[in-house]
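A.B. asks: Take this structure, written in structure tokens, and hold onto it; I'll ask about it next.
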Ligand SMILES: [Zn+2]
Ligand SMILES: [Zn+2]
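In structure tokens, the structure reads:
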């Protein structure tokens, strides 16, 4: 797999990795043993949540990641199974003494829905900012991550998300000394700025190594596999994707309800050249998703059937050893 490995390592450089926790994997309604499809990621201790169905805070509490460091919520769309947990979660953030701002991203129409949900959570001790995005934008997410979006095809406007943890070029200190660059200028060069000092000058290319790939993931749910997605997701290390239906005979149902089968999700992972695939957002009628795993692995072998509590870590490749 390019650029990342999933699994823990003993020594952690928090700026070089993304931790992932799948809180739930259900679509439409929560079940006694299956919470609604929701993903939590952590980078440098800061949290971003993807979708917030009914009961999201319960598995969150169980897996012990804490609420206070949540800085952003990314909604795929505003169907109830993706937003109904919001008022309770906002209260839990308040109870956890969150005082820094929280941003919420979602497709057009999100602000009106969130305003409605906020009527039962009107007073919060932190700034809560809702930002509607159309698809195609990039924005900062907590912990130095970069988020971007693409429009999907569903009954409502729906966003697919890509998250990148970029990696700085290596700084060649020996080369900087040889060139006589004063140490006080090193930071500017690392940031990509040219420097001039008494007796000389340098540009970043003088002391920085080649571009290095970071790590990345995609979060795609409640959409048909629209043609723009493989290019949008190209080369990601992990795709977390809906597989509402396991049985290939449900393909017409998937098309009609604007969801995906396991086969379609696996094809999307393959066409995106993703490293791994986690399936989620299972129909309540899909009682044993594992039974249909072969439908996905036949196309994309690196497929995991998601479950509440599934964790992983994406980290810069040569930090593994
Ligand atoms: Zn859904
Ligand atoms: Zn939906």
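Residue numbers (my numbering): 15 to 335. Where a beta carbon is used, it is the ideal one built from N, C-alpha and C, also for glycine. Keep in mind it's a predicted model, so treat the numbers as computed, not measured.
(1) Can you find a heavy atom of ligand 2 that lies under 7 Å from the Cβ of residue 93?
(2) Indicate the three-state DSSP secondary structure (helix, strand or coil) for residue 48 in the structure shown.
(3) With DSSP as the reference, label residue 79 as helix, strand or coil.
(4) Given this structure, state the Cα-to-Cα distance separating residue 16 from residue 226, to the nearest angstrom.
(5) Tell me, which residues are paired with residue 255 by DSSP?
(6) What do you reckon, are the CB atoms on residue 236 and residue 193 nearer than 8 Å?
(7) Would you identify the three-state DSSP class for residue 60, choosing helix, strand or coil?
(8) Please go through the same chain and pick out, in chain order, the residues whose beta-carbon is closer than 7 Å to the beta-carbon of residue 43, but skip the five residues on each side of it.
(9) Which residue or residues does DSSP assign as beta-bridge partners of residue 329?
(10) Just to confirm the assignment, what range does the beta strand (DSSP E) spanning residue 181 have?
(11) Starting from residue 146, follow the beta strand (DSSP E) in both directions and report where the run begins and ends.
(12) Less than 8 Å between C-beta atoms, sequence neighbours within five positions excluded: which residues of the same chain meet that for residue 107?
(13) Pairs of beta-carbons, one from the stretch 201–211 and one from the stretch 123–133, closer than 8 Å: are there three or more?
(14) With a 10 Å radius around its C-beta and 16 neighbouring C-beta atoms as the bar for buried, classify residue 250 as buried or exposed.
(15) If you reduce the DSSP assignment to three classes, tell me which class residue 217 lands in.
(16) Given a cut-off of 8 Å, decide if residue 296 and residue 41 are closer than it, judged by their beta-carbon atoms.
(17) Rounded to whole angstroms, how far is the Cβ of residue 51 from the Cβ of residue 39, which I believe are closer than 8 Å?
(18) Take residue 79 and list the residues in its own chain whose beta-carbon comes closer than 8 Å to its own, dropping the five residues that flank it on each side.
(19) Buried or exposed: residue 256, going by 16 or more other Cβ atoms within 10 Å of its Cβ?
(20) Quick one: grab the DSSP three-state call for residue 97.
(21) Under DSSP, the beta strand (DSSP E) around residue 117 begins and ends at which residues?
(22) Kindly indicate which three-state DSSP category residue 72 falls into: helix, strand or coil?
C.D. replies: This is what the structure gives:
(1) Sequence index remark: in the chain shown, residue 93 carries index 79 (1-based). Flag set: Cβ of residue 93 near ligand 2.
(2) Taking the first residue of the chain shown as 1, we reach residue 48 at position 34. It is a strand residue.
(3) Here residue 79 refers to the residue found at position 65 when the chain shown is read from its first residue. Residue 79 falls in the coil class under three-state DSSP.
(4) Taking the first residue of the chain shown as position 1, residue 16 is located at position 2. Taking the first residue of the chain shown as position 1, residue 226 is located at position 212. Only weak support is given to the placement of residue 16: the predicted model assigns it a pLDDT of 41, under 50, and the question is left unresolved by the model.
(5) The residue you call residue 255 lines up with position 241 of the chain shown. According to DSSP, residue 255 bridges with 234, 293.
(6) On the chain shown, position 222 is the one that residue 236 refers to. On the chain shown, position 179 is the one that residue 193 refers to. Result no, Cβ atoms of residue 236 and residue 193 do not sit closer than 8 Å.
(7) For the purposes of this step, residue 60 is taken as residue 46 along the chain shown, with counting starting at 1. Strand, per DSSP.
(8) One-based indexing of the chain shown puts residue 43 at position 29. 95, 298, listed in sequence order.
(9) The residue labelled residue 329 in the question sits at position 315 within the chain shown. Residue pairing by DSSP places residue 329 opposite 31 in a beta bridge.
(10) Here residue 181 corresponds to residue number 167 of the chain shown, with the count starting at 1. Per DSSP, the unbroken beta strand (DSSP E) holding residue 181 starts and ends at 173–181.
(11) Position 132 of the chain shown holds residue 146. Where residue 146 is concerned, the enclosing beta strand (DSSP E) stretches over 142–146.
(12) Here residue 107 refers to the residue found at position 93 of the chain shown. The residues are 81, 82, 84, 116, 138, 140.
(13) The stretch 201–211, when compared against the stretch 123–133, does not touch it at the 8 Å Cβ threshold.
(14) Here residue 250 refers to the residue found at position 236 of the chain shown. Residue 250 should be labelled buried.
(15) Position 203 of the chain shown, counting from 1, holds the residue named residue 217. Note: residue 217 maps to coil in three-state DSSP.
(16) Position 27 of the chain shown, counting from 1, holds the residue named residue 41. Position 282 of the chain shown, counting from 1, holds the residue named residue 296. In this structure, residue 296 lies closer than 8 Å to residue 41 by Cβ.
(17) Here residue 51 refers to the residue found at position 37 when the chain shown is read from its first residue. Here residue 39 refers to the residue found at position 25 when the chain shown is read from its first residue. With a Cβ gap of about 6 Å, residue 51 and residue 39 count as contacting.
(18) Working through the chain shown from its first residue, we reach residue 79 at position 65. Correct list, in chain order: 35, 54, 56, 61.
(19) Along the chain shown, read from residue 1 onward, the residue named residue 256 stands at position 242. By the neighbour-count criterion, in which a residue is buried when 16 or more other Cβ atoms sit within 10 angstroms of its Cβ, residue 256 is buried.
(20) Here the question's residue 97 lines up with position 83 in the chain shown. Helix at residue 97.
(21) Numbered from 1 along the chain shown, position 103 holds the residue referred to as residue 117. Where residue 117 is concerned, the enclosing beta strand (DSSP E) stretches over 116–120.
(22) Stepping through the chain shown from its first residue, residue 72 is reached at position 58. In the three-state scheme derived from DSSP, where H, G and I count as helix and E and B as strand, residue 72 is classed as helix.
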